[in-house]
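Asks: Encoded as structure tokens, here's the structure I'll be asking about.
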Amino acid sequence: MFRHVVMFWWKPGVSDAQIAAVSTGLASLPGQIGEIQRYEHGSDLGVGGDNADYVLLADFKNFDEWHIYATHEAHVEVLETSIRPILERIERIQYDVT
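Below, the structure written as structure tokens:
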């Protein structure tokens with residue numbers, strides 16, 4: 001299993017509507033990209049220190065299937081239209097689940 005984890009920090013002043021657009025866009029992807037095995041995402045609950053604002057966890061069978069997701073037009077559209085305009089910082093990691 002190949003896991004992809006992304007943490008997002010939003011720019012100051014981002015609205016609830018903008019965050020909802022990110023959530024809606026991401027939620028649409030499993031129905032459009034069959035390679036996704038598991039897909040979870042959500043806003044930080046604000047219960048611990050200086051956390052990221054939003055997180056995404058996605059599982060794929062292997063690197064090749066993740067690459068299909070990463071370059072899929074639906075994913076790129078959500079990234080470019082909903083995420084990048086409000087993004088201050090992003091951290092990513094991919095690893096094999098053992």
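Everything in the sequence shown is counted per full-length UniProt numbering, starting at 1 for the first residue and increasing by one. Positions of the beta carbon are idealized from the N, C-alpha and C atoms, including for glycine. Every value quoted in this text rests on a predicted model; they were computed, and no experiment measured them.
(1) Would the beta-carbon of Arg38 fall within 8 Å of that of Asp59?
(2) Jot down the residue ranges of each uninterrupted beta strand (DSSP E) in the stretch 50–81, minimum 3 residues, whole runs only, in chain order.
(3) If I follow the unbroken alpha helix (DSSP H) through Leu26, where does it start and stop?
(4) Note down the Cα distance separating Ala17 from Leu26, rounded to an integer number of angstroms.
(5) Closest to Lys61 by C-alpha separation, out of Val22, Pro12 and Val97, would be which residue?
Replies: Taking the coordinates as given:
(1) yes
(2) 54–60
(3) Asp16 to Ser28
(4) 14 Å
(5) Val97
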